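With the first letter of the sequence shown counted as 1, position 265 gets the number 255 in our numbering; the numbers rise by one all the way through.
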Amino acid sequence: MDKLLIQGGVSLKGEIRIAGAKNSALPILAATLLTHDTVKVCNLPHLYDITTMIELMGCLGVEPIIDEKLNVEINSSSIKHFNAPYELVKTMRASILVLGPLLTRYGQAEVALPGGCAIGSRPVNLHISALQAMGANITVENGYIKASVQGKLKGAHIFMDLVTVTGTENVMMAATLAEGQTIIENAAREPEVVDLANCLIAMGADISGQGGDTIVINGVDELHGCTYAVMPDRIETGTYLIAAAATRGHIKVKDTQPDILESVLSKLEQAGSEIKIGENWIELDMHGQRPKAVSLRTAPYPAFPTDMQAQFTALNSVALGSGSITETVFENRFMHVHEMNRMGASMRVEGNTVIVDGVEALMGAPVMATDLRASASLIIAGLVSENETTVDRIYHIDRGYECIEEKLQLLGAQIRRIPS
Ligand code: EPU
C-alpha cells in the first residue's frame, strides 16, 4: 500500500488549479442512466471514486467513452443489467445513486445495501422511504435493496426527516421521469445538488427550487442528451486554503467558485488570513503569521461543511489559543484527533465536540488515515510538523483528491509518495 512521506515546516506558496467536484460528478454520472441519448460529462476529476462509478456503469452493460482529458461520453442504451454489486458498493457508498435513475427509467433496480463506514452508520432509510412514497416496491433481502415499480413512479410530497445530500439527489433523479409532481421538503441545499439539478435541466427535466429547501420536480416523458461541465470542487479548494493558512503561507487557487465557500472563507479570516477573491479564484495570505484558533459547528449547507471539519482541526492544532469544533452531521468523525494527539497535538473529545489547545508545532510520526477527509487533515498535520511524517492507507486520499502530492509540491511542500 502506498504511503505519503512529508517533511514538514515549509510555508505553502504558489498557485494551483482546482479540479471538478467529486460529489457533483458522481450523481451526474448516475444521471446519464436517465436517457438513451449520449450525455457528455466534462471537467471530471481524476479520482478513484470516478473510476469506480465508471466501472459500475460497465457492470450495468454501459460502455462509457473516455477521452484524454477525461471527458466521458455515456450512452446507456446498451444497458443489460440493473444491479449494483456489493463488490463496488463496499468500495464506494455513492453507488446508491444509481437506485433512483434505474428504478424510474427501467422499473427495476438492485443495489447492495451500503454498510456503516469509518465516519458513522450512514443508513439509507430516507432514500428508500421516499421512493416507496412514489409507489416503488422495495425490500431488503440478502444485503440488497430490491426495488421495482409497475408502470411509472408517481409524484409525491416528500418530507425528508433529515437533510440528506445523496437522498435528495436520488429522489430528484427518480422524480424527473415520474408521473406528475414531486415536492421534496427539507431538501439538501448543497451546491452539488444544484449542479445535478442544472445538469438534469440541461437534459430536459422540469425542476425548480434547487438550492432552497423545497425542490419541485414535474415529471416529463423523457430526457435527452447534453454536454455538461461539472462545477469546481469546494472541498478541495477549502483543503488547500486551510493547508496554506496552517503553514503561514500565501497561495492562489484558480478555477474555483468563491461564492459557495462563504462559511469556510469567513472561518479562515477569523484565523487571521487575508483573503482576496475574483470570479473564479481565491488568494489567501497569512503574512507569515501563526493562525488563530477558531471554533465552529458543522451542519448542512450553507453552514460549515462536515467535509472540512478535520482539516480545520489540523489548523487549530498549531494555532494560537483554543478552539472547539462540534460535529453534528456524522456521529464518528473524530478519528483523526487520536492520530494528531500522537503527533503532539493537545485535543480532547467531549461528546460530539473536540477542544483543541494550539501548540507551537507538531512532531512528525507515522500515522494512519481512516477516511478521505481525515487523510487530508493528517497531511496538513504533517505539513505543520517539525520533522518527518508518513501517512499510511492513502488509498482514501486518492478517492477524493486529484494528484494531491503533485499539487502540494507545486506549492513548495516536501511530500512524496512511497510505493509499497
Ligand atoms: N442519513 C440517515 N438516513 C438516510 C440518509 C442520511 O439517517 O437515509 C443521515 C446520515 O447518517 C448522516 C446525515 O443523515 O448522519 C447526512 O448524511 P447525507 O445523506 O447527507 O450524506 P451522504 O449523502 O451519504 C454526502 C457526501 C459526503 C458528505 C455528506 C454531508 C456524496 C457522494 N457524499 O454523503 O461526502 O460528507 O453528504 O455533506 O455526496 C466526502 O466527500 O468525504 C463525503 C463523505
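Glycine included, C-beta positions come from ideal geometry on N, C-alpha and C.
Predicted model, so just to flag it, every value in this text is computed and none were measured.
_Residue(s) in a DSSP beta bridge with CYS189_ = Within the sequence shown, numbered from 1, the residue matching residue 189 stands at position 199. Per the DSSP secondary-structure output, CYS189 pairs with nothing in a beta bridge.
*asked:* To the nearest angstrom, how far is the alpha carbon of ASN306 from that of MET333?
replied: Locating residue 306 in the sequence shown gives position 316, where the first residue counts as 1. Locating residue 333 in the sequence shown gives position 343, where the first residue counts as 1. Rounded to whole angstroms, ASN306 to MET333 spans 14 Å at the Cα level.
*Going by C-alpha distance, which of GLU169, GLY194, ALA187 and ARG224 is nearest ALA177?*
By one-based count along the sequence shown, residue 177 stands at place 187. Among GLU169, GLY194, ALA187 and ARG224, the Cα nearest to that of ALA177 belongs to ALA187.
*Can you tell me which of SER253, GLU264 and THR42 puts its alpha carbon nearest to the alpha carbon of LEU87?*
Start at 1 with the first residue of the sequence shown, and residue 87 comes out as number 97. Per the Cα distances, THR42.
*Give the DSSP-derived three-state secondary structure of THR318 in the structure shown.*
Indexing the sequence shown from 1 puts residue 318 at position 328. It is coil, neither helix nor strand.
*Continuous beta strand (DSSP E) assignments of at least 3 residues falling wholly in the segment 321 to 385*: Counting whole runs of 3 or more residues, the segment 321 to 385 contains the beta strand (DSSP E) stretches 336 to 340, 343 to 347, 356 to 358 and 378 to 382.
*CB LEU2 to CB THR237, shorter than 8 Å?*
As a position in the sequence shown, residue 2 is number 12, starting the count at 1. As a position in the sequence shown, residue 237 is number 247, starting the count at 1. Yes, these two residues count as a Cβ contact at 8 Å.
*Grab the span of the beta strand (DSSP E) containing TYR134 for me, first residue to last.*
Working through the sequence shown from its first residue, we reach residue 134 at position 144. Its beta strand (DSSP E) spans residues 134 to 138.
_Can you tell me whether ARG83 sits near ligand 1, meaning its C-beta is under 7 Å from at least one heavy atom of the ligand?_
For this step, residue 83 is matched to residue 93 along the sequence shown. Remark: the C-beta of ARG83 is in contact range of ligand 1, defined as less than 7 Å to any heavy atom.
*For my contact list, ARG407 and ASP(-8) are in at a C-beta cut-off of 8 Å; report their separation, rounded to the angstrom.*
Residue numbering aside, residue 407 sits at position 417 when the sequence shown is read from its first letter. Residue numbering aside, residue -8 sits at position 2 when the sequence shown is read from its first letter. In this structure ARG407 is in contact with ASP(-8), their Cβ atoms being roughly 5 Å apart against a cut-off of 8 Å.
*Which residue comes first and which comes last in the beta strand (DSSP E) that contains ALA164?*
Counting from one through the sequence shown, the residue named residue 164 turns up at place 174. For ALA164, no beta strand (DSSP E) run applies; the uninterrupted alpha helix (DSSP H) run containing it begins and ends at 155 to 166, by DSSP.
*Contact check, LEU310 vs ARG280 under 8 Å by CB: the rounded distance?*
Position 320 of the sequence shown, counting from 1, holds the residue named residue 310. Position 290 of the sequence shown, counting from 1, holds the residue named residue 280. About 5 Å; that satisfies the 8 Å criterion.
*Roughly how many angstroms separate the alpha carbons of ALA335 and PRO292, rounded to a whole number?*
Start at 1 with the first residue of the sequence shown, and residue 335 comes out as number 345. Start at 1 with the first residue of the sequence shown, and residue 292 comes out as number 302. Cα-Cα distance, rounded: 30 Å.
*Would you call the CB atoms of PRO295 and ILE272 closer than 8 Å?*
Here the question's residue 295 lines up with position 305 in the sequence shown. Here the question's residue 272 lines up with position 282 in the sequence shown. Cβ atoms of PRO295 and ILE272: not closer than 8 Å.
_Just verifying my parser: in three-state terms, what is the DSSP assignment at LEU(-6)?_
Within the sequence shown, residue -6 is the residue found at index 4, counting from 1. Three-state DSSP puts LEU(-6) in a strand.
*asked:* Is the separation between the beta-carbon of PRO222 and that of GLY10 shorter than 8 Å?
replied: In the sequence shown, the residue the question calls residue 222 occupies position 232. In the sequence shown, the residue the question calls residue 10 occupies position 20. Result yes, Cβ atoms of PRO222 and GLY10 sit closer than 8 Å.
*Between LYS30 and GLY215, what straight-line distance do the alpha-carbon atoms span, to the nearest angstrom?*
On the sequence shown, position 40 is the one that residue 30 refers to. On the sequence shown, position 225 is the one that residue 215 refers to. Roughly 8 Å separates the two Cα atoms.
*Would ILE405 pass as a contact of GLU395 if the rule is Cβ separation under 8 Å?*
As a working mapping, residue 405 is identified with position 415 in the sequence shown. As a working mapping, residue 395 is identified with position 405 in the sequence shown. For ILE405 and GLU395, yes; Cβs fall inside 8 Å.
*Does the beta-carbon of HIS117 have 16 or more other beta-carbons within 10 angstroms, so that it is buried, or is it exposed?*
In the sequence shown, the residue the question calls residue 117 occupies position 127. Looking at its Cβ environment, which holds 16 or more other Cβ atoms inside 10 Å, HIS117 is buried.
*With respect to the alpha helix (DSSP H) encompassing TYR230, which residues constitute its N-terminal and C-terminal limits?*
What you label residue 230 is simply residue 240 of the sequence shown in a count that begins at 1. It spans 224 to 236 - the alpha helix (DSSP H) in which TYR230 sits, taken as one unbroken run.
*Reducing DSSP to helix, strand and coil, say where ARG287 ends up.*
Against the sequence shown, residue 287 aligns to sequence position 297. Three-state DSSP puts ARG287 in a strand.
*When the Cβ atoms of the segment 223 to 236 are set against those of the segment 9 to 27, are three or more pairs found closer than 8 Å?*
Touching, per the Cβ criterion.
_Exposure label - THR217; buried when at least 16 CB within 10 Å_ = Taking the sequence shown and counting its residues from 1, one reaches residue 217 at position 227. It is exposed - the Cβ of THR217 has fewer than 16 other Cβ atoms within 10 Å.
*Report all residues from its chain with a CB closer than 7 Å to the CB of SER85; omit the five preceding and five following residues, and keep chain order.*
Position 95 of the sequence shown, counted from the first residue, corresponds to residue 85. For SER85, where only same-chain residues beyond five positions count, the Cβ hits under 7 Å are LEU46, ALA74, LEU78, VAL79 and VAL101.
*Which word fits LYS242, buried or exposed, when buried means at least 16 other C-beta atoms lie within 10 angstroms of its C-beta?*
Sequence index remark: in the sequence shown, residue 242 carries index 252 (1-based). LYS242 should be labelled buried.
*asked:* Does ILE8 come out as helix, strand or coil in the three-state DSSP assignment?
replied: The residue you call residue 8 lines up with position 18 of the sequence shown. It is coil, neither helix nor strand.
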